[in-house]
Amino acid sequence: MCWTSSGWTIRQYQGKVAELHGLVPDPEAGRQVWLLLPTDTALVLGSTQTQAVAKKLDDETNPVAVQRRRSGGAAVLLSPTNSLWVDVVISQGDSLWNDDVHKAPMWLGHAWARALGLLGIVEVDVCDSYDPGRWGDLVCFAGRGPGEVLVGNAKAVGISQRRSRLAARFQCLIYRYWSPDELIASLAVAPEYVAGLRDSLAFSVWSIGSDSDDLYRAFLDSLPS
7 MCWTSSGWTI
17 RQYQGKVAEL
27 HGLVPDPEAG
37 RQVWLLLPTD
47 TALVLGSTQT
57 QAVAKKLDDE
67 TNPVAVQRRR
77 SGGAAVLLSP
87 TNSLWVDVVI
97 SQGDSLWNDD
107 VHKAPMWLGH
117 AWARALGLLG
127 IVEVDVCDSY
137 DPGRWGDLVC
147 FAGRGPGEVL
157 VGNAKAVGIS
167 QRRSRLAARF
177 QCLIYRYWSP
187 DELIASLAVA
197 PEYVAGLRDS
207 LAFSVWSIGS
217 DSDDLYRAFL
227 DSLPS
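Those letters in the sequence shown? Residues 7 to 231, by our numbering.
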């Protein structure tokens, strides 16, 4: 599915998490928004994380695949129902492009913040610095980085970057519902740390619930033209 809106090409892709992460942007296609619909459940590791972060889960009793994305950040759990996954692509030379990787996603974070505001969400803020906290090197939504969006003190929108000389792919995730235990069950965490990690994750994530489709439409309306 593909259509255009205010100078953006909107595309929808469905497939396994590995296939969706493997999509390659066309730098000649201009500004793009990809709505990504996974058909399987996967623990997705950041580019610098090792396989040791994940439990051995690829079996019939707990069919959670383990994938690695080429963008930075830490682990997220993706399923067909738990999240709204939206990637945004711009080409080098676009007025939104910034060579500074810390400043590069700020415009995108403000677009998400405007979208949340359109839904009446208050206490929305956009991070301008990196703060991993106690668990941010393990779990994406336990820390925060530039461009990511908070509601109150909880992370609402996670953003990671996959960049080349010709294009930048910003990978955005908003949880529809949040279950720390589902994620922890996929991680190789020493037993003595599980309770502390669970307590931290219980309050570090804001989820959109049943309004995710409304948020997606509000986000498209909030993109710069």
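Beta carbons: idealized from backbone N, C-alpha and C, even for Gly.
query: Rounded straight-line distance, which links the Cα of Ser11 to that of Leu226; result: 8 Å
query: Val23 - DSSP class collapsed to helix/strand/coil; result: helix
query: Beta-bridge partners of Gly164, as assigned by DSSP; result: Leu179
query: Expected contact under 8 Å - CB spacing of Leu172 and Pro33 to nearest Å; result: 4 Å
query: Straight-line gap, Ser185 to Ser210 (C-alpha atoms, nearest Å); result: 11 Å
query: Distance between Ser218 and Val95 (C-alpha atoms, nearest Å); result: 21 Å
query: Pairwise C-alpha distance: Ser97 and His27; result: 18 Å
query: Extent of the continuous beta strand (DSSP E) run through Ser97; result: Ser89 to Ser97
query: Cβ-based burial, Asp220 [other Cβ within 10 Å; buried from 16]; result: exposed
query: Sequence-distant residues of its chain with Cβ nearer than 7 Å to Phe176 (five each side left out); result: Asp93, Val94, Pro111, Leu114, Ile165 and Gln167
query: Ala48 versus Lys109 - alpha carbon distance; result: 29 Å
query: Cβ neighbours of Arg150 in the same chain (closer than 6 Å, five flanking residues each side left out); result: Cys133, Asp137 and Lys161
query: Candidates Val128, Arg120, Leu179 and Leu144, of which the one nearest Trp41 by Cα; result: Note that residue 41 is Leu in the sequence shown, not Trp. Checking every option, the nearest Cα to that of Leu41 belongs to Leu179.
query: Helix, strand or coil at Gln55 [DSSP, three-state]; result: coil
query: Identity of the residue in Leu43, Leu144, Leu125 and Ala71 nearest Gly78 by Cα; result: Leu144
query: Identity of the residue in Gln38, Gln18, Asp106 and Trp212 nearest Asp131 by Cα; result: Trp212
query: Neighbour-count burial assignment, Val107, 16 or more Cβ in a 10 Å radius; result: exposed
query: According to DSSP, residues forming a beta bridge with Ala173; result: Ser97
query: C-beta atoms of Ala81 and Val59 nearer than 8 Å; result: yes
query: Own chain, CB closer than 7 Å to Ser89, minus 5 neighbours either side, in chain order; result: Leu179, Ile180, Tyr181 and Arg182
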